[in-house]
Amino acid sequence: MSRTVYIIGIGAISAQTEESIFLEKPIIYNSNIFQAISPNFKEYIPAMALRRMSQVIKMGLTAGKMALQDANVELPDAIITGTGEGCKQDTEKFLESMLSQQEELLTPTSFIQSTHNTVGGQIALNLKCSGYNVTYSQESASLESALIDSVLLLNEKPSLNSVLVGGVDEVSNRITSFGYLNGFLKEEEIENLSLFSKKSEGTITSEGAFFFNLTTENIKDSYAQLKGVTNFKAESSIEISEKITEFLLKNSLRSQDLDIVFLGKNGDLEQDKVYDELQNTIFSETCQLAYKHLSGDFKTVTGFAIWLSCLIFKKQQIPAILKLNAIYGANPKNILLYNLSSNTNHSLILLQKP
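Counting in UniProt numbering, the sequence shown runs from 1 upward without gaps.
What follows is the structure in structure tokens.
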């Protein structure tokens with residue numbers, strides 16, 4: 001029998017804050033690439049160490065510590081990280097030094113810190129955690145893969161009490177701007193809150209770090225129960241609906257049992273047609289929410305939706321800035337997160353109020 005997994009601590013760094021969303025004062029950006037709002041990193045990381053860290057390491061370590069403090073956990077038994085594109089800023093530094101120095105006399109620091117598992121390693125070093133430590137880098141399935149591994153680990157090893165799991169990605173000057181070349185980013189610069197009204201190809205992007213402390217003990221202040229996580233491939237809207245229905249039935253639910261569905265609409269003309277179809281069919285009677293107009297779109301952005309879901313459970317409040325339809329979704333108990341990336345990679349995350 002599988003063990004029930006709960007989220008008892010959350011930590012997030014993104015382009016929005018808890019206050020900006022729940023006080024209905026979203027932060028407005030007029031660029032297709034924008035950065036996360038940095039907290040006071042010195043509250044979490046010693047100043048000397050902070051100077052040597054890139055943005056993605058600072059965000060990941062700080063968000064991880066936020067989640068642990070929130071859960072009142074000093075040392076997790078395992079650290080599992082998901083990142084779609086890793087440490088892009090250090091990758092750029094290393095490649096630029098290769099070019100400028102003609103591949104001679106290169107310092108290894110940027111190369112060492114450019115590997116995808118740097119964030120997980122830095123968290124472990126800082127916390128002096130010698131437990132299980134794995135990083136997943138499966139494009140848009142990175143965070144979902146980390147969550148699946150976390151659930152498996154807690155079920156396979158009953159002695160473990162706490163798993164710190166999260167996703168992190170950063171923006172960089174050059175690599176992120178390649179999104180204009182491959183069609184990922186919109187050609188024209190837009191205001192983020194206008195994302196769904198500008199009918200054109202491409203989206204907007206940002207960065208963020210989202211960490212969650214998971215356990216099998218339902219404590220008093222648990223945010224949510226992590227009921228299920230899956231990734232799948234599908235070609236047609238009918239097949240997508242069948243996969244969603246199958247996933248819900250596996251967790252003893254039907255679509256009409258859902259109080260909220262978080263949709264990963266990103267303003268891309270073709271990709272959003274898939275969401276539009278689901279909005280008008282399987283989710284037509286469900287409160288529909290969106291979030292990428294606030295956070296931007298990036299590989300581990302579903303962490304932002306998980307974080308929002310936990311806060312909605314806690315506050316029993318649904319900010320109007322998130323809503324896509326007029327259905328209210330009072331006293332939500334079941335929240336489904338559905339995300340589509342590159343028109344082929346689909347993911348589902350089911351959360352329940354504990």
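Glycine included, each C-beta is placed from N, C-alpha and C at the ideal position. Please read these numbers as outputs of a predicted model, since none were measured by experiment.
query: Thr81 beta carbon less than 8 Å from that of Ala12; result: no
query: Reduced DSSP category for Asp297 - H, G, I as helix; E, B as strand; rest coil; result: coil
query: Cys87, enclosing beta strand (DSSP E) - first and last residue; result: Segment: none, Cys87 is in no beta strand (DSSP E) and carries neither H nor E.
query: Check whether Lys65 and Glu170 have beta carbons under 8 Å apart; result: no
query: Any 3 or more C-beta pairs closer than 8 Å across the region 56-63 and the region 204-216; result: yes
query: Cα-Cα separation, Leu269 to Ser236; result: 17 Å
query: Local Cβ density within 10 Å of Asn280, reported as buried at 16 or more and exposed below that; result: exposed
query: Complete runs of the beta strand (DSSP E) confined to the region 239-315 [at least 3 residues]; result: 260-263, 287-290
query: Residue span of the alpha helix (DSSP H) that contains residue 358, given as start and end; result: The question about residue 358 has no answer, for the chain in this structure spans 1 to 354.
query: Assigned exposure category for Glu85 - 16 Cβ within 10 Å defines buried; result: buried
query: Proximity below 8 Å, CB of Ile327 to CB of Cys287; result: yes
query: Per DSSP, the bridge partner or partners of Asp169; result: Gly208
query: Contact belief for residue 394 with Tyr6 at Cβ below 8 Å, rounded distance in angstroms; result: Outside the displayed range of the chain (1 to 354) lies residue 394, so it cannot be described from this structure.
query: Inter-residue spacing [alpha-carbon to alpha-carbon] between Asp297 and Tyr136; result: 19 Å
query: Ordered list of alpha helix (DSSP H) runs contained in the region 138-200, each at least 4 residues; result: 142-156
query: Simplified DSSP state of Gly131, which is helix, strand or coil; result: coil
query: Alpha-carbon spacing of Thr230 relative to Asp272, whole angstroms; result: 21 Å
query: Between the CA atoms of Pro332 and Glu24 - distance to the nearest angstrom; result: 19 Å
query: Pair within 8 Å by beta-carbon distance, Thr302 and Asn339; result: yes
query: C-beta contact flag for Gly167 and Leu143 at 8 Å; result: yes
query: Presumed contact (8 Å Cβ cut-off) between Phe94 and Pro319, rounded CB distance; result: In fact, because the Cβ distance is near 41 Å, the residues do not count as touching under 8 Å.
query: In DSSP terms, what Asn334 is bridged to; result: Gln352
query: Straight-line Cα distance separating Lys292 from Leu278; result: 17 Å
query: Same chain, Cβ closer than 7 Å to Leu160, five either side skipped, listed in chain order; result: Asp77, Ala78, Leu153, Leu154
query: Asn30 vs Lys186 beta-carbon contact at 8 Å; result: no
query: Contact under 8 Å by Cβ, Val163 with Leu226; result: no
query: Proximity below 8 Å, CB of Pro26 to CB of Leu294; result: yes
query: Own chain, CB closer than 8 Å to Arg174, minus 5 neighbours either side, in chain order; result: Glu92
query: C-alpha distance - Ile349 paired with Gly228, whole-angstrom precision; result: 6 Å
query: Integer Cβ distance of Asn133 from Ala124, believed to fall under 8 Å; result: 5 Å
query: Best match in Ile45, Leu248, Ile190 for proximity to Phe283 [C-alpha to C-alpha]; result: Leu248
query: Reference Ser2, options Ala330, Ile335, Asn251, closest by Cα; result: Asn251
query: Top-ranked residue by Cα proximity to Gln16, from Phe34, Gly9, Ile10, Ile8; result: Phe34
query: Bridge-paired residues (DSSP) for Ala78; result: Tyr132, Val163
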